[in-house]
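Visitor: Sending over a structure as structure tokens; questions will come in a sec.
Protein chains in written order, with the UniProt record's numbering: chain V, 1 to 327; chain D, 1 to 327; chain B, 1 to 327; chain S, 1 to 327; chain C, 1 to 327; chain W, 1 to 327.
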């Protein structure tokens, strides 16, 4: 069974029409969410499922598409309304196609807001809508100033406490980026590197030993710069960096084989989970392979040094264990 | 002939899907505008025309829907890309249904940007796309800080110079509002009041005697507070306020008869142009009349003190003169 | 009996000499308030009374002149010292001429300050000085950034709680305006519109059912744009806008008859209170009538559709009831 | 002959009533300056002259009272209107009592404004109104952020160039102070110390060899800390600090004899000018002497180590030379 | 016995090498402090002692060199790490040469931080390291914005409470200055003037009657401007300024004899403590005397109007009493 | 011959003592640079050379140590003084050991400053001191706000123009990082990723076809995420990403073999230059290899798929060509 833990909702255009209106009105006045009919939703779902079938994915976890999160749009209510709406769409999609999808909740984050403001929506998604994970944006400022607290900061503790209680993994994934010099797609990578180092240098795991973080996009730059951080750790007599890294999990959303090979070498198959973000950035035909970049199953299958057990963990086992799946 | 000078484009959902993507990506990376097929556009147009036919409007001027302008979204390129795209949509709509529509250009305004950055798009719209007017947002900050320069400030002169040369009227219309205490729909009203007073207290008309401003929504609060401003003018021996007000034009986008009556009394039929924003805020059934609020033709026709000539000017004559229409 | 609920203190020049010194010194060093002799105060009062007699006003409620409030002058102590001083002047004026005046308290508001800082002065004015109302500035930023919380925001609740206990009406009236594009006199109007909408969209009346708000200047732009807000309410199935508006009271400080007629039509005589701000903005001879603009008694008396009972309420009854007057 | 080069205008209360109105209205709307009658002005002048006669002062140079300058009040036009108005008052006072007074011009400074904005008023005062000097505020931010450029910075050069051409001395005198921890009267002292060091460490005198600066209040803290700055100069092989200090002039507005003695020792009688600021801060009876603190003539006369020639320079000679007086 | 209460640590270059690294790394990553060997430290100490011997100083209190405090360097941890490290160096120096030195603690201040963050290091220095005093920076912003609260503000009370309990005197001494127009050495002087006035105008001594403040550099500008502040006090019927000043103590770190004479006249020998900052700013040969500027012992000895008892107090007695020394 | 193009100066502690003083004084007052004797400098050099000899490096290019650059320390003069001083130290080191070293210039960058301010020091270093390259910090804000312009922005063009004329390669290397969540060592990596993408998406190479950029640390995260950017390029019909990347050069300062192998695969040996930063972050014994992490020569030599020609280019040939070396 192939479980793709990193997918995002594919919604009908009406969802984005509402997004435009919400952006324009800033939620004031706001009356009610637009009603989407099942047919419109299902039409998109069928296309989505077709894409999954094509590459042999059996199940995908879907969360709100991060770059559309509007976390930094003022005022705060925009983030709350939009997140609730998109989570609802996801819940309906999972309900319509429970064989293919599970929900991962977006959170109504906002720059400078009390992180506790996210807890009601978190609980609603997990407890009422049955979502299996939660997506966390380490930079709700979306590239603006001031910098947010690092994920190792106590700012996040009230949220962590609740997530640990709910026992759902956190997918670390940043959102849009307002800086003219940094595209959102590169911002993802940089934020992941910062998130990893902030967590690994912190006391988070002492306070929340059961918290499970999955870092998107195979961990930003960190697997490529292991030597640098190994040296720092040795210099300061702190725990071995390679051991520390294994406190975290990583997905395989990295569209080159040579990079995935590196990831398997330095992270290992116990801490990697199959993910593709399909459809998304990688849904472009790679002229050299004749497959889309995000068709990662054959890529992983072709890595010679991986055992069948390794592959099974990555494709299925790790996800089932982490997300408490009984399928 | 009934000419509605204040309408906005009604676009297919795909337009807003692009808006969402542009907001999320901030135009980085950006490749090209999505291709919309004529059918999708025409489907919306037919619904739009049906609404116009229903209330007896023969022609409507359409501009980008102001509250969706994204003028204050960072970085500046978002405003440029979005404005160009929407103006293109409008141009295609006018081309598809030239009997019903004329285009009014949006401008790629941005907080703190040089106002000259708007001139290329202005010229493109008027000279290449044949637009008959231009929509100007007096608050590209969209309710943020610092306050923009008032419309009477020299900041705007390079734009005014170009508009005067192109000889198209300016529709004053603000956009979204980020302030949690002020809805965009109220922001429209307040910005119109500020715009009127800033212009009337300035030297703009001495420098640009042929510039034509049309103030949306019947002039914000000013017609209701004529006494206040009359008193100020008398107190300071400046030109009579009622005379000054006639340097500007106003539309009839005000959804109560008692207010329109007041407007006709204090502004007069030479300076009022028929406008409805249909479909828009007023497209709701008024249970007392059985008509939508924006069905303003019968309202105006029922104002007893207006002559036929008055009505002809408001419905048709003033617009033809101001916008140099030969229909 | 004619009761003008919207007047401001007319003080001797020495009061403003102290204001200049306070502005210059920012209250540091500060020793004590200057001593004003009764004669200087009474001389101004007699002129003030003469103006009231001339237009047939029997009693006027006087508060600090809002545009001089210095709420945004740094540091906070300037606002406290100045407000206390002016409230003292008003108390002496009422004491000297109790037949003509009642006091309405200014509050020592300051941008970003805890609203509780205003409560001691509020209680002093009502409980010790016998004031019958309180004047509230919805924008202590005086046009600066960031925007203050709307009057519907919980920020104001501690103050509302105290005012409800004291059972005095609130006169909503903004102050100076630092923005170069917006005169303070227009800022009044815009702030009133914002205040009305913020209150009517809030839960304030659920928490404080006995709170009484009087909006200055006949409610800013709202009576002129009833159609717009009626449409919004119908669109969202919220309570009828016309009903909502009646949760508030309004004064008649609007210097044109056509506007007052509109106000009576849409607000009604139960919610309008006679006010003139005399002497003030409207104290200029209207060449068309031969009266000053703020001589509003004959204007109201001439409105044909008002009954004697209507006029009695507006001139006297509503004020007596709202302000608990026993005269 | 006793010439007091540091006095400020004593104006009737109506001047401050206008100040209050200007502060409240921010100059918008603004019509015209209030008309003051000669009697009101002369009444104040006679009291002022009586004070001068009492302490034996023959002539005083008067400038706008610095702490009332409103340089940092937004928007910029407030500073322009107020400065022009006060300079006009001073011009009328000099005209009414030319035997006693000479004018020193205030400048319409404003935070962040182009310093060239001050030149028209400077020229008007010197060329049209016959003023003999100009008062310069080294901190138009009035204690706010960001810090202004030091007086040695090129920011001020366009103004210096014009002042050098007009050949009038500059009296360095700061204004109000918004910081809660620093009174304006202490701010004067600190700003003078900063101004001295900024000028002495700069190239100003190389570019403007004929510019004449008079530092108020005997030079802030510098004469008391000569040793500190002597050491710095020796340490860095720069010109001797005592020599450098003599590029500037200082007044005697320091209300203790022991401090004046120190000043004469370290500055010398060639660079000190008699000044009292009478009436002002020092116009309080000193219980130990039976004179007011600002009655400095007997204090200086009693300094034993001063020769008659020294005293003549300080009381009269230096002022005549610096200010090109022919009396 | 000659006790110099105002000295600063003279540390080996390795200390500043660590400072550079800490500045560069901002304490992230940070492992441990560098190990300095006793020899390197003692070599510097012997040079330091030689300087003291040369001028006849028997004991000096040493604190962190203030202009190197890095209080405003972001993030806050830089200040904490650096302060702890330098205090440790001082503790070792005192331990190595207990006959010559006593420690005065630096505090890890930081702009906007809770002042309670300084208490653990304060207690460590006094209770564990045996320091006899504490150095307080009244401007941890180091010339930046916004201004810090004045020393009379309640912001500082939690710290004062702890210091009073520990019964150690506070040496007021500011640090670096980021403003281009103000050198740190002048900033010292201005901050001292502000500190004095803020304390003397406050309630600090009512709340903390046993708190002892020593103002560096002979009190900034205040002794030179006693007349000004005497006048203010008399004008407002507040306590006599000369009496108030004696609530504070001052050191003699002022490198000109005429200024020290003035200080002894206005402050008196009960409130002055011998201090030189040797080696420091004054360690330059004064060509007129053949001694370094900071060789203040002969200067004070040569002040004719001081009695032997006066000198004994200043050189030794006041320090022993204030700092509870048993030597 | 082994040429290490990425080394930094190893300076005696006195250099950092001066850094501390400069930080504390902010260059005001500033007299002259401290004099360092040749012996102190040479002692450090000999240790440095010993390290190079140990690992078989024949020549190293040395630049200012980036994390100590103090680019964001206010005011701007700190950056200018410090950069000039360190460049001077490097020039002396090269002069003392010309067989081992070549100089790479630091630039006196500062947030918000005109980039032209760096040109005099650039020219001095190349034309007078004979430096062979220049080090450019893409983030002179050092992690502060607002974000600097990306390296592809026209802001940098005046500098690029001059560098192209001087024909020296640019080493891209960021400096300190003020953000509490991001260590400077990770900031290096993130800034490199941003720099690469900003340059590759820009027109810089069209305007400056001869400009040569060397990206430090093997290009941040980009080689690890080639798939992601390949997909973007294909999606938008822009030039192939792998080709674009070859417009830049990269060094080998990456301390893990698996990452270097990846780099050689995706970048190729024509665009990689040997670099180690020795001594620096990697100068720690790797317990698994028994070598320090920065002993990269054997690591590269052991990469099986590299030919001798490949290695020659990386160790020597590319550097000679790029830096115009004749050795």
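Note that beta-carbon positions come from the ideal geometry of N, C-alpha and C, so glycine has one too.
Please name the residue, chosen from 254/C, 266/C and 250/C, that lies closest to residue 257/S on a Cα-to-Cα basis.
Guide: If we check each option's Cα against that of residue 257/S, 266/C comes out closest.
Visitor: Would you say residue 312/V lies against chain W (beta-carbon separation less than 7 Å)?
Guide: Not closer than 7 Å to any Cβ of chain W, the Cβ of residue 312/V fails to qualify, so no.
Visitor: Quick check on the burial criterion: 16 or more other C-beta atoms within 10 angstroms. Buried or exposed for residue 98/D?
Guide: Per the 10 Å Cβ criterion, exposed.
Visitor: Which partner residues does residue 133/W have in the DSSP bridge list?
Guide: Looking at the DSSP assignment, residue 133/W forms a beta bridge with 104/W.
Visitor: With DSSP as the reference, identify every bridge partner of residue 60/B, one or two as the case may be.
Guide: Answer by DSSP bridge pairing, in chain order: 4/B and 101/B.
Visitor: Compare the beta carbon distance of residue 274/W and residue 314/W with 7 Å and say whether it is the shorter of the two.
Guide: Yes; because the gap between Cβ atoms is below 7 Å, this pair is in contact.
Visitor: Let me make sure I understand the geometry here. Which of 293/S, 106/S and 200/S has the alpha-carbon closest to that of residue 331/S?
Guide: The structure shown does not extend to residue 331/S, since chain S spans only 1 to 327, so no value can be given for it.
Visitor: Determine whether the Cβ of residue 172/V lies closer than 7 Å to any Cβ atom of chain W.
Guide: It does not: the Cβ of residue 172/V has no partner Cβ on chain W nearer than 7 Å.
Visitor: With a cut-off of 7 Å, does the C-beta of residue 141/V fall near any C-beta of chain W?
Guide: Chain W, which has no Cβ nearer than 7 Å to the Cβ of residue 141/V, makes this no.
Visitor: Let me make sure I understand the geometry here. Which of 287/B, 155/B and 182/B has the alpha-carbon closest to that of residue 181/D?
Guide: For the residues 287/B, 155/B and 182/B, the minimum Cα distance to residue 181/D belongs to 155/B.
Visitor: Can a CB atom of chain V be found closer than 7 Å to the CB of residue 190/W?
Guide: At least one chain V Cβ lies under 7 Å of residue 190/W.
Visitor: What residue from 137/B, 45/B and 30/B has the CA that sits closest to residue 150/B's CA?
Guide: Per the Cα distances, 137/B.
Visitor: Within the chosen definition, does the stretch 126-144 of chain C reach the stretch 98-117 of chain C through at least 3 CB pairs nearer than 8 Å?
Guide: They touch, by the three-pair rule.
Visitor: Name the residues in the stretch 148-175 of chain W whose C-beta lies less than 9 Å from a C-beta of chain C; which are they?
Guide: Answer in chain order: 175.
Visitor: For the candidate residues 237/D, 114/D and 220/D, whose alpha-carbon lies nearest to that of residue 252/D?
Guide: Looking at the Cα atoms, 220/D is the closest of the given residues.
Visitor: Check whether the Cβ of residue 25/V lies closer than 7 Å to any Cβ atom in chain D.
Guide: Cβ-Cβ to chain D under 7 Å: yes for residue 25/V.
Visitor: Tell me whether residue 292/B sits in a helix, a strand or coil according to DSSP, three-state version.
Guide: Residue state, collapsed to three classes: strand.
Visitor: Can at least three beta-carbon pairs, one atom from the stretch 210-224 of chain B and one from the stretch 187-195 of chain B, be found at a separation below 8 Å?
Guide: Yes: at least three Cβ pairs fall under 8 Å.
Visitor: Taking only runs that begin and end inside the stretch 3-82 of chain B, name each unbroken alpha helix (DSSP H) of 4 or more residues, in chain order.
Guide: 13-25 and 38-55, all fully within the stretch 3-82 of chain B.
Visitor: Rounded to whole angstroms, what's the CA-CA distance from residue 121/S to residue 27/B? Just pull it up for me.
Guide: Answer to the nearest angstrom: the Cα atoms are 30 Å apart.
Visitor: Can you pull the chain S neighbours of residue 110/C, defined as C-beta to C-beta under 7 Å?
Guide: In chain order: nothing, as chain S lies at least about 18 Å away.
Visitor: For the stretch 114-129 of chain V, which residues have a beta carbon sitting closer than 7 Å to at least one beta carbon of chain B?
Guide: Result list empty, no residue passes.
Visitor: Within the same chain, show all residues whose beta-carbon is closer than 6 Å to that of residue 173/S, passing over the 5 residues directly before and after it, in chain order.
Guide: Excluding sequence neighbours, residue 173/S sits near 66, 135 and 216.
Visitor: If the cut-off is 9 Å on Cβ atoms, which residues from the stretch 25-45 of chain V count as contacting chain B, listed in chain order?
Guide: Listed in sequence order: 28, 29, 30, 31 and 32.
Visitor: Listed in chain order, which residues of the stretch 228-249 of chain W have Cβ atoms closer than 8 Å to some Cβ of chain D?
Guide: Those would be 232, 235, 236, 237 and 238, in chain order.
Visitor: Along chain W, in chain order, which residues have C-beta atoms closer than 7 Å to that of residue 223/V?
Guide: Here the neighbours are 224.
Visitor: Between residue 205/C and residue 249/C, which are expected to be in contact by the criterion C-beta below 8 Å, what is the C-beta distance as a whole number of angstroms?
Guide: Not quite, the Cβ-Cβ distance comes to about 13 Å (not below 8 Å), so this is no contact.
Visitor: Within the stretch 145-213 of chain D, note down every full alpha helix (DSSP H) run reaching 4 residues or more, in order along the chain.
Guide: For the stretch 145-213 of chain D, whole alpha helix (DSSP H) runs of length 4 or above, ordered along the chain, are 157-166, 184-200 and 204-207.
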